[in-house]
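Residue numbers (our numbering): 82 to 213.
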């Protein structure tokens, strides 16, 4: 986890320190977060997805918290393979959909998601908690 997954998640979330990642991974895993990694032919971690099954008023979903591909492995099919795996996993555990959030400025990711048949079904709003 620390040698393979942590560096990729931290590349996606640069403000996340190693210690923050370790705390996050422990707490989120206890909440049902699963880390799925894809490896290249030489055994290097090429892409990572973090996801969990959620029961919502819209039905049971597999929610992808993070999806990141190492820059050396972009456009090699690794993220597509992960998305295919996540869709299969969703079906296997009785989910109706795979959902994820993507930052509004991440246009490259949006193209990737659209190319795999994903649609924009909602807007995600945030409100900082008092004191933040």
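For each residue, glycine too, the CB sits at the ideal point set by N, CA and C.
This one's a predicted model, so the numbers in the text were calculated from it and none came from an experiment.
DSSP assignment within the region 154-180 yields the following whole alpha helix (DSSP H) runs of 4 residues or more, N-terminal first: 159-173.
A distance below 8 Å separates the beta carbons of residue 143 and residue 179. Within the DSSP secondary-structure output, residue 146 pairs in no beta bridge. No residue range can be given for residue 98, since it is assigned to no alpha helix (DSSP H) and is classified by DSSP as neither H nor E. DSSP, read as helix, strand or coil, puts residue 92 in helix.
DSSP places residue 133 within a strand segment (E or B) once states are collapsed to three.
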